[in-house]
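Trainee:
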Ligand code: 5GP
Ligand code: ZN
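In the working numbering, the protein residues as written are 252 to 362.
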């Protein structure tokens with residue numbers, strides 16, 4: 252836990268968020284500034300700055316949590332999963348998070 256980290260604080264429950272799923276390894280909550288009708292962030296409880304530092308043993312639990320969110324939200328037919336690494340890729344919070352986006356058409360390549 253990093254005391255200054257906003258997502259650690261959300262995981263601890265000390266900053267409020269619309270949590271929609273949680274298990275031993277991960278928590279999922281709605282993005283405060285949604286970019287699609289469904290925009291959920293899936294994070295590890297452990298403070299990990301980005302996917303580059305993710306311990307092997309958390310890879311499967313995080314994918315499991317993403318799949319659980321997809322099923323729970325009823326978006327399995329069409330959705331996008333994104334994680335940004337580094338400021339140039341658009342990362343602004345340095346606690347690993349997977350964006351799960353759905354409910355509209357997405358263009359490719361991403362901007
Ligand atoms: P990044 O830019 O790092 O890929 O994504 C960070 C995401 O976190 C953004 O989509 C932003 O809207 C979201 N976010 C930042 N602060 C908060 C917060 O306090 N609560 C919630 N629910 N989302 C946040
Ligand atoms: Zn953190």
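Glycine is no exception: its CB is placed at the ideal position from the N, C-alpha and C atoms.
Remember, predicted model here, so these are calculated numbers, not experimental data.
Less than 7 Å between the beta carbons of residue 311 and residue 346, yes or no?
Mentor: Not a contact, by the Cβ cut-off of 7 Å.
Trainee: Under 6 Å Cβ to Cβ from residue 271, same chain only, skipping five residues before and after it: list those, please.
Mentor: If we look at residue 271 and ignore the five residues flanking it on each side, its Cβ neighbours are 279.
Trainee: Taking residue 359 as the reference, which of 339, 282, 331 has the closest Cα?
Mentor: When each option's Cα is compared against that of residue 359, the closest is 331.
Trainee: Pair every Cβ in the region 283-299 with every Cβ in the region 317-326, then say whether three or more of these pairs are closer than 8 Å.
Mentor: A contact exists between the region 283-299 and the region 317-326.
Trainee: Could you give the distance in angstroms between the alpha-carbon of residue 269 and the alpha-carbon of residue 281?
Mentor: Going by the C-alpha atoms only, they are around 6 Å apart.
Trainee: Can you tell me which residues fall inside 5 Å of the ligand ZN, judged by beta-carbon distance to its nearest heavy atom, and keep chain order?
Mentor: Result: 253, 256, 258, 259, 298, 346.
Trainee: Pull up the DSSP beta-bridge partners for residue 281, would you.
Mentor: Paired residues: 291.
Trainee: Does the distance from the CB of residue 303 to the CB of residue 351 come in under 7 Å?
Mentor: Not in contact: residue 303 and residue 351 (Cβ atoms no closer than 7 Å).
Trainee: With C-beta atoms as the reference, is residue 362 less than 7 Å away from residue 289?
Mentor: Their beta carbons are not under 7 Å apart, which means residue 362 does not touch residue 289 by this criterion.
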